[in-house]
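Read through the structure below, which is laid out as structure tokens, and then see the notes.
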Amino acid sequence: MSMNESRRFFRWKGLLALALTAALLWAPALAQERVSFTTGLVGDGGDRLGRLDGLIIGIDAGHQAQANYEKEPVSPGSSATKAKVSSGTQGAVSKTPEHVVNLQVALKLKQALLREGASVVMARESADVDISNVERAQMMNQAGADLVLRLHCNGVDTASAHGMVMYVRKTGEKAQESDQAAHCLLTAMLAATGAQDRGVAHSDDYSGLNWSQVPSVLVEMGFLTNPQEEALLISDAYQDKLVQGMVEGIADYFDRQDQDAVAQAGEPAQAEPATGEAQAANAQAVGE
Ligand SMILES: [Zn+2]
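Numbering of the sequence shown is given in the working numbering, commencing with residue 2 and proceeding in unit increments.
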């Protein structure tokens, strides 16, 4: 089999696993409105192949209408605990809650990914849910997601702070793949939006990343506490740019994964994209 054929073969095996998982989870999901599976196999026109054909992408719209400050372990086997889901930030001027913006972008991203042929797993599709960060990660693990985007907006006391930053786990499972995906996403999202580059930050403080067994990136799309960036983040046009950047970044990541596979077979691979490390200003704790 050629590289593309074998990639497609393994992707279809993955889809079968997804279908089985979906079948197992669908009944309780319908009752509780908690888990939502959407598959690109439904109504995508048969043999039309998109750039993300056969891939399973997880989208976790950060936070929910009501925070849950019960505790859960920050990583598997850890005695350190963290709130299940924090409240998130809000718009400086409009007071729009972060969970609203995150879901608006998540739903746009879902449609864009389906158009590219991907299967999409949504952590939530409404605000009225109670799903902890660990549960969200486990949901994506069970679905066998090839990549997870956790969508968030940033918030700090300093109104002037603005720009985009990606968070990935520093160590552990799929840390390297997550880092590569984060660089691809950041480069493409900066190109699509013109936002300030705050780099890729590495941290083992995020339970939603630590519990993930698949590549996972926490995307801080911008600062809702900055009035100019808030106006962009809550606008339809800028959300479309964010999504366009994410789709390009995702496609680039999987292209590079394929190139790496080819390189392992003895052919030259392209160099990593040169995006800077995160500034020290990103070291502050960001709620998840
Ligand atoms: Zn957040």
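Glycine is no exception: its CB is placed at the ideal position from the N, C-alpha and C atoms.
### Task
Indicate whether G59 and A189 have their beta-carbon atoms separated by less than 8 Å.
Along the sequence shown, one-based indexing puts residue 59 at 58. Along the sequence shown, one-based indexing puts residue 189 at 188. No Cβ-Cβ contact shorter than 8 Å links G59 with A189.
### Query
Does DSSP classify D131 as helix, strand or coil?
For this step, residue 131 is matched to residue 130 along the sequence shown. Looking at D131 - three-state DSSP - the assignment turns out to be coil, as it is neither helix nor strand.
### Query
Can you pull the DSSP bridge partners for S120?
Here residue 120 corresponds to residue number 119 of the sequence shown, with the count starting at 1. BP columns for S120 point to I57.
### Task
Please determine if the stretch 63-77 and the stretch 117-134 are in contact, where contact requires at least 3 C-beta pairs separated by less than 8 Å.
The answer is yes - the stretch 117-134 touches the stretch 63-77, with three or more Cβ pairs under 8 Å.
### Query
Which residue comes first and which comes last in the alpha helix (DSSP H) that contains T257?
By 1-based counting over the sequence shown, the position of residue 257 is 256. The question names Thr, but residue 257 in the sequence shown is Arg. From DSSP, the alpha helix (DSSP H) with R257 extends over 237-265.
### Message
As a quick check of your reading: which residues have a C-beta less than 5 Å from at least one non-hydrogen atom of ligand 1, in chain order?
### Response
This criterion selects G63, G89, H153.
### Message
Determine whether the beta carbon atoms of K175 and S213 lie at a separation below 8 Å.
### Response
Counting from one through the sequence shown, the residue named residue 175 turns up at place 174. Counting from one through the sequence shown, the residue named residue 213 turns up at place 212. Taking 8 Å as the Cβ cut-off, K175 and S213 qualify as a contacting pair.
### Where S217 falls: helix, strand or coil (DSSP)
Position 216 of the sequence shown, counted from the first residue, corresponds to residue 217. In the structure shown, S217 sits in a strand (DSSP, three-state: E or B).
### Message
Quick test of your reading: Y254 and Q177, contact by CB under 8 Å. State the CB separation rounded to the nearest angstrom.
### Response
In the sequence shown, the residue the question calls residue 254 occupies position 253. In the sequence shown, the residue the question calls residue 177 occupies position 176. Their Cβ separation, rounded to whole angstroms, is 12 Å, which puts Y254 and Q177 out of contact at 8 Å.
### Task
State the beta-bridge partners of Y168 as determined by DSSP.
Start at 1 with the first residue of the sequence shown, and residue 168 comes out as number 167. According to DSSP, Y168 bridges with A202, L219.
### Message
My assumption, with CB atoms under 8 Å, is that Y207 sits in contact with E99. Please give the rounded CB distance.
### Response
To locate residue 207, count along the sequence shown from 1; it is residue 206. To locate residue 99, count along the sequence shown from 1; it is residue 98. E99 and Y207 do not touch by the CB rule: their CB atoms are close to 16 Å apart, not below 8 Å.
### Query
Applying the criterion that 16 or more other CB atoms from any shown protein chain within 10 Å of the CB defines a buried residue, is K319 buried or exposed?
There is simply no residue 319 to check, as the chain begins at 2 and stops at 289 in what is shown.
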